[in-house]
Amino acid sequence: MARLTNGSTVRALREALGVSGRVCAQRVGISPGYLANIEAAKKQPTPRVVRALADTLGVGIDVITYVIPEHIDPSALEELVPGDAPVG
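When you line the sequence shown up against my numbering, it's residues 5 to 92, in that order.
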């Protein structure tokens, strides 16, 4: 199964904590641009980055990710689900 990161949830949690993108990226160990791409659903982070994001935001990995079953083509969901909305 594919596990995808919900960028809008990452952004909402970060903003709720009052943490800037620059500071969050620094804590996670990535560039601010990479974080912006994750939050905009333009990039999927590595498992290490997902764990670091969850730790930095104080949540479990399951809060910022969702699973797509193997029998579903993730690209097909683009037509059904707008942008970065969670599936399932």
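Glycine included, every Cβ here is placed at the ideal spot set by N, Cα and C. Note that the structure is a prediction, hence the values are computed from the model and not measured.
Within 10 angstroms of the Cβ of residue i, are there 16 or more other Cβ atoms? Answer buried if so, exposed if not.
{"i": "VAL54", "result": "buried"}
{"i": "ALA20", "result": "exposed"}
{"i": "ALA44", "result": "exposed"}
Taking only the alpha-carbon atoms, compute the straight-line gap between residue i and residue j and give it to the nearest angstrom.
{"i": "GLY93", "j": "HIS75", "result": "Since the first residue shown for the chain is 5 and the last is 92, residue 93 is missing from the structure and cannot be characterised."}
{"i": "ASN41", "j": "CYS28", "result": "13 angstroms"}
{"i": "GLY37", "j": "GLY64", "result": "23 angstroms"}
{"i": "SER24", "j": "ARG18", "result": "7 angstroms"}
{"i": "GLY22", "j": "ARG15", "result": "11 angstroms"}
Can you tell me which residues form a DSSP beta bridge with residue i?
{"i": "ARG7", "result": "VAL71"}
Using three-state DSSP, classify residue i as helix, strand or coil.
{"i": "GLY22", "result": "coil"}
{"i": "ALA89", "result": "No answer about ALA89 holds up, because its pLDDT of 49 lies below 50 and its placement is not dependable."}
{"i": "PRO51", "result": "helix"}
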